Every structure is written in C-alpha cells, then in structure tokens.
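Everything on this sheet refers to the single structure shown next.
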Amino acid sequence: MKRIQSLPAIALALSGAGAFAQTANMAVSATIAGSCSVVANPLAFSVYDPLSATALTVQTTAVITCTTGAGASLAMGIGANSTGTGATAQRRMRVGATANYVSYNIYQPSGTAEGAACAYTTPWGNGTTGGNTLAIGVAPTPTSRTYNVCGEIPALQAAAVGSYVDTVVVTANL
Numbered sequence: 001m002k003r004i005q006s007l008p009a010i011a012l013a014l015s016g017a018g019a020f021a022q023t024a025n026m027a028v029s030a031t032i033a034g035s036c037s038v039v040a041n042p043l044a045f046s047v048y049d050p051l052s053a054t055a056l057t058v059q060t061t062a063v064i065t066c067t068t069g070a071g072a073s074l075a076m077g078i079g080a081n082s083t084g085t086g087a088t089a090q091r092r093m094r095v096g097a098t099a100n101y102v103s104y105n106i107y108q109p110s111g112t113a114e115g116a117a118c119a120y121t122t123p124w125g126n127g128t129t130g131g132n133t134l135a136i137g138v139a140p141t142p143t144s145r146t147y148n149v150c151g152e153i154p155a156l157q158a159a160a161v162g163s164y165v166d167t168v169v170v171t172a173n174l
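Quick note on full-length UniProt numbering: the sequence shown kicks off at 1 and runs consecutively.
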C-alpha cells in the first residue's frame with residue numbers, strides 16, 4: 001500500500017530533533033574619505049586703461065563643496081604666463097603667442113568667513129611654492145560655500161592693445 005504524506009508533515013519531520021542551526025556575526029564597515037570639489041568662476045577684468053593712475057579691481061567667486069567634517073584650504077596657481085618662482089612669482093596675462101603681457105594679482109577676501117569682502121591686501125598663493133592659501137573651516141554639511149576672489153591689475157602698465165588671457169588652477173587641498 002502506498003503512503004502519501006502531506007507537505008506540513010514532511011516539514012515537521014525535517015525540523016525535528018536532528019536539525020541544527022548555527023549563527024555567526026558579520027562585521028560591516030565603511031570609511032568615508034574627505035573630499036572636496038571646487039568651481040572657479042571667471043575673473044573678468046573687462047577693459048583696462050594703461051594710462052589710468054588707478055588700479056583696476058574686480059571680484060568673482062570660488063565655490064567649494066566638501067564632505068561633512070572635511071576641512072580644506074583653497075589655493076590659486078601662479079598661472080600659465082607667470083614670471084619668477086615661488087613667493088616672488090608674478091601672474092601675467094598674455095596676448096596670444098606674443099611677448100605682450102599685463103601683470104595682475106589675486107587677493108584673498110578680508111577673512112575666512114564665507115562671503116567675506118575683498119580687501120586687496122593678502123596675495124593668494126598656491127600653498128606649495130609660495131603665497132598664502134585660504135583656510136576653509138570644517139564642512140558642517142556637504143553644502144556649497146562661496147568665497148570671494150579679488151583681482152587687481154596695477155595702474156600705469158605699458159601694455160599694447162589686445163585681449164589678454166591667463167589660466168589659473170584653483171585647488172581645494174584637504
């Protein structure tokens with residue numbers, strides 16, 4: 001005679017006295033690395049008059065976003081057309097491939113608080129071969145923070161007519 005057992009009966013038989021369960025704990029971990037991103041807006045001087053006895057000043061902004069708890073400093077490179085090295089490097093804009101240059105300076109804002117005004121007193125450097133960096137406090141949240149970048153073309157530079165350009169690398173160092 002054939003015997004048919006139901007599924008509940010089979011399950012009950014399998015979970016009987018001979019079944020053995022064992023448990024273990026699995027460690028789970030992650031490391032959050034500090035990181036920052038930076039966006040540098042153009043520093044556009046517009047029209048410079050080399051005959052004016054007044055320096056041409058403008059400002060723009062750099063926007064930095066860091067992971068929560070990461071502190072950073074903002075550094076400005078010396079540009080592609082600079083002359084000199086280290087702390088004595090002079091940033092310059094150039095007309096195409098000519099030998100025509102106009103010197104300019106980049107200054108830090110008056111303080112390290114977000115949105116601090118331009119004072120045109122502390123040169124902004126690259127932090128490695130010369131000049132000051134702007135110390136950014138620890139990020140309370142990963143939101144963007146905006147800092148003023150202050151540019152100046154000194155007065156009375158002998159300069160030929162043309163469109164002068166340069167490229168400065170802006171770096172957020174952790």
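Even glycine gets a Cβ: it sits at the ideal position worked out from N, Cα and C.
None of the values given here were measured: they were computed from a predicted structure.
{"Item": "Beta-ladder partner(s) of Pro-42, from DSSP", "Value": "DSSP output for Pro-42 lists no bridge partner at all."}
{"Item": "Other residues of its chain near Thr-67: CB distance less than 7 Å, five sequence neighbours each side excluded", "Value": "Ile-32, Gly-34, Ser-35, Ala-139 and Pro-142"}
{"Item": "DSSP three-state assignment for residue 243, whether helix, strand or coil", "Value": "Since the first residue shown for the chain is 1 and the last is 174, residue 243 is missing from the structure and cannot be characterised."}
{"Item": "Val-58 versus Gly-127, Tyr-107, Thr-23 and Gly-162, residue with shortest Cα-Cα distance", "Value": "Tyr-107"}
{"Item": "Whole-Å CB distance - Met-76 paired with Tyr-164, under 8 Å assumed", "Value": "Not quite, the Cβ-Cβ distance comes to about 18 Å (not below 8 Å), so this is no contact."}
{"Item": "Nearest residue (CA-CA) to Tyr-104, options Asp-166, Ser-37, Ala-160 and Thr-171", "Value": "Asp-166"}
{"Item": "Any beta strand (DSSP E) of 3 or more consecutive residues that is wholly inside the segment 50–124", "Value": "56–66, 72–76, 91–94, 101–109 and 118–123"}
{"Item": "N-terminal and C-terminal residue of the beta strand (DSSP E) that Thr-146 is part of", "Value": "145–153"}
{"Item": "Minimum C-alpha distance to Gly-79 - residue among Asn-126, Ala-27, Ser-52 and Ala-159", "Value": "Asn-126"}
{"Item": "Exposed unless 16 or more other CB atoms sit within 10 angstroms - verdict on Leu-51", "Value": "exposed"}
{"Item": "Reference Gln-157; option with closest CA among Asn-132, Tyr-48 and Ala-27", "Value": "Tyr-48"}
{"Item": "Proximity below 8 Å, CB of Gly-115 to CB of Thr-146", "Value": "yes"}
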